[in-house]
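Visitor:
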Amino acid sequence: MSSDLCIDLKGKTALVTGGSRGIGRAIALRLAEAGANVAINYLRHKTAATETARAIEQRGTQALILRANVGEEEHVQRMFDEIGKNFGRLDILVSNAASGVLKPALELTLKHFHHTMDINAATLLPLAQHAVQ
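Mapping to my numbering: the sequence shown position 41 is 57, numbers consecutive.
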């Protein structure tokens, strides 16, 4: 895949939450094509994360695989600690992790809704706070 991303990210480090598959993977690969080292966060799909890391490294940059539930503060802290140890800093945060409950609307509960909102929206605040420290 050729990149038409007209930006040089050599020497920069990015974190893509939910970066092992789908849109997150595509973003991670584009960042690598622009020269960024990429930390890939995943929760359930280690094989996909490993394949994405391999694809990043084939583009000439470094990859780091981080298993973490972005809804858990301790997991987020460990993830940023690992990024610091491996890359020294973080320049780019892509908050892409998402979750949802696949049920008919009348079977959903407020607990389902809160879980979805916690992962899809509320996690952005602690991620952003850690990213700028």
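For glycine and all other residues, C-beta sits at the position ideal for the given N, C-alpha and C.
1) Which of helix, strand or coil does DSSP assign to I39?
2) With burial defined as no fewer than 16 other Cβ atoms inside 10 Å of the residue's Cβ, what is the status of N95: buried or exposed?
3) Once you ignore the five residues that flank Q93 on each side, which residues in its own chain have a CB closer than 8 Å to its CB?
4) What is the DSSP secondary structure of L109, reduced to helix, strand or coil?
5) Do G40 and N112 come within 8 Å of each other at the CB atom, strictly closer than that value?
6) Who are I135's beta bridge partners in DSSP?
7) If you follow the alpha helix (DSSP H) that A64 is in, where does it begin and where does it stop?
8) Near G87, what residues of its chain come up, given a Cβ to Cβ distance below 7 Å and the 5 sequence neighbours on each side ignored?
Guide: To lay it out plainly:
1) Reading the sequence shown from its first residue, position 23 is the one you call residue 39. Helix.
2) Here residue 95 refers to the residue found at position 79 when the sequence shown is read from its first residue. Note on identity: in this sequence residue 95 is Met, with Asn being the wrong assignment. With 16 or more other Cβ atoms within 10 Å, it is buried.
3) The residue you call residue 93 lines up with position 77 of the sequence shown. Here the set comprises H146.
4) Stepping through the sequence shown from its first residue, residue 109 is reached at position 93. In this structure, L109 counts as strand in the three-state DSSP scheme.
5) Stepping through the sequence shown from its first residue, residue 112 is reached at position 96. Stepping through the sequence shown from its first residue, residue 40 is reached at position 24. Yes; because the gap between Cβ atoms is below 8 Å, this pair is in contact.
6) Position 119 of the sequence shown, counted from the start, is the residue given in the question as residue 135. DSSP output for I135 lists no bridge partner at all.
7) Start at 1 with the first residue of the sequence shown, and residue 64 comes out as number 48. Element bounds for A64: 62–74.
8) If you number the sequence shown from 1, residue 87 lands on position 71. The answer, listed in chain order, is D134, I135, T139.
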